[in-house]
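Peer 1:
Numbering (full-length UniProt numbering), first residue to last: 1 to 288.
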């Protein structure tokens with residue numbers, strides 16, 4: 001379903017209203033047609049102006065988008081506006097390109113983007129000012145349990161893994177906690193026709209150990225035989241302590257994806273993630 005919107009820029013002293021034209025919600029100073037993107041929970045749209053110009057629009061996303069765009073981690077932010085019902089709309093440049101495939105995830109450009117993200121203290125400070133809390137491994141598990149629906153809570157296999165992870169919490173130092181994207185699956189990366197890669201969809205951002213993102217990538221996309229090379233390129237020392245963190249956060253990344261897919265009622269991918277979790281556990285147990 002397509003809708004036309006009228007929005008007001010945040011900070012402009014206007015009364016925000018919501019109008020209807022021919023049954024369609026309109027929320028912009030300049031008429032904008034918005035078409036929902038599939039699989040984005042009704043919060044992401046393709047926006048198109050009458051002259052044919054396209055933009056990407058997201059509702060109620062993180063306020064750190066300008067800083068992410070400045071670091072060339074996320075696409076350029078064009079404007080932020082508020083609708084009549086109080087939603088915040090963020091518009092980013094429309095990228096001519098494609099979503100990355102699983103095979104693309106070994107790109108060194110991805111490592112550089114993660115390094116820029118994970119080393120950014122200004123982004124950490126901005127999230128702290130927005131009242132984000134630093135989460136240690138136990139906090140992550142508690143949050144997972146709190147958000148797990150009954151069907152997941154009653155899955156004995158998954159619950160056994162959660163209990164095991166609680167018994168083997170990795171070392172965590174809050175003073176070196178960093179910003180992590182939180183969901184770096186391949187479909188959240190875009191490569192432009194000019195070869196630039198950007199990370200999109202920042203709804204899962206949090207403050208924790210950078211291994212949250214790193215282990216997701218290694219466990220889901222990088223062959224075990226290439227872990228040593230990848231870790232060295234990123235800047236990690238490849239030692240037993242780091243490997244133990246990969247095992248812990250790698251398993252947690254599968255648990256997180258299981259919840260994400262379940263929330264979308266995507267049972268096919270729920271089962272794929274459970275299968276992937278089993279295979280990952282088999283892999284790391286053989287390498288001990």
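For every residue, glycine included, the Cβ atom is placed at its ideal position computed from N, Cα and C. All values reported here derive from a predicted model rather than from experimental measurement.
Does residue 75 pass the burial test, meaning 16 or more other C-beta atoms within 10 Å, or should it be called exposed?
Peer 2: So residue 75 ends up on the buried side.
Peer 1: With distances taken from CA atoms, which of 69, 32, 207 and 249 is nearest residue 121?
Peer 2: Comparing Cα positions, the closest option is 207.
Peer 1: Jot down the residue ranges of each uninterrupted alpha helix (DSSP H) in the region 32 to 76, minimum 4 residues, whole runs only, in chain order.
Peer 2: With a minimum length of 4 residues, the continuous alpha helix (DSSP H) runs that stay inside the region 32 to 76 are 65 to 70.
Peer 1: Beta-carbon separation of residue 63 and residue 130 under 8 Å?
Peer 2: Their beta carbons are under 8 Å apart, which means residue 63 touches residue 130 by this criterion.
Peer 1: Kindly identify the DSSP beta-bridge partner or partners of residue 94.
Peer 2: Partner(s): none; residue 94 has no beta bridge.
Peer 1: If you follow the beta strand (DSSP E) that residue 198 is part of, which residue opens it and which one closes it?
Peer 2: Unbroken beta strand (DSSP E) run through residue 198: 197 to 199.
Peer 1: Do you know whose CA, among 86, 35, 95 and 88, lies nearest residue 189's CA?
Peer 2: Nearest option by C-alpha distance: 95.
Peer 1: Between residue 69 and residue 152, what straight-line distance do the alpha-carbon atoms span, to the nearest angstrom?
Peer 2: Cα-Cα distance, rounded: 36 Å.
Peer 1: Since residue 244 and residue 149 are thought to touch, with beta carbons under 8 Å apart, how far apart are those beta carbons, to the nearest angstrom?
Peer 2: That belief does not hold up - the Cβ atoms of residue 244 and residue 149 are roughly 30 Å apart, past 8 Å.
Peer 1: Which of helix, strand or coil does DSSP assign to residue 78?
Peer 2: Strand.
Peer 1: Once the 5 residues before and after residue 159 are set aside, which same chain residues still bring their CB inside 8 Å of it?
Peer 2: Contacts found: 153.
Peer 1: Buried or exposed for residue 275, please, with buried defined as at least 16 other CB atoms from any protein chain shown within 10 angstroms of its CB.
Peer 2: With fewer than 16 other Cβ atoms within 10 Å, it is exposed.
Peer 1: Under DSSP, the alpha helix (DSSP H) around residue 284 begins and ends at which residues?
Peer 2: Residues 267 to 286.
Peer 1: Whole angstroms are fine: how far does the CA of residue 224 sit from the CA of residue 81?
Peer 2: The straight-line gap from Cα to Cα measures roughly 45 Å.
Peer 1: For a test of the three-state rule: what should DSSP assign to residue 207, helix, strand or coil?
Peer 2: DSSP places residue 207 in strand when its eight states are reduced to three.
Peer 1: Of all the options 53, 45, 52 and 71, which has the alpha carbon lying nearest to the alpha carbon of residue 60?
Peer 2: Nearest of 53, 45, 52 and 71 to residue 60, Cα basis: 45.
Peer 1: Smallest Cα separation from residue 183: which of 228, 287, 254 and 38?
Peer 2: Selected option, being the one with the closest Cα: 254.
Peer 1: Could you tell me the distance, in whole angstroms, from the CA atom of residue 265 to the CA atom of residue 285?
Peer 2: When rounded, the distance between both Cα atoms is 31 Å.
Peer 1: Using 8 Å as the Cβ pair cut-off and three pairs as the minimum, do the region 267 to 283 and the region 226 to 239 touch?
Peer 2: Verdict: no, contact absent.
Peer 1: Terminal residues of the continuous alpha helix (DSSP H) containing residue 227?
Peer 2: Per DSSP, residue 227 belongs to the alpha helix (DSSP H) from 227 to 234.
Peer 1: Nearest-angstrom Cα distance between residue 235 and residue 177?
Peer 2: Rounded to the nearest angstrom, the two C-alpha atoms are 16 Å apart.
Peer 1: In the DSSP assignment, what residue or residues form a beta bridge with residue 178?
Peer 2: Answer is 208.
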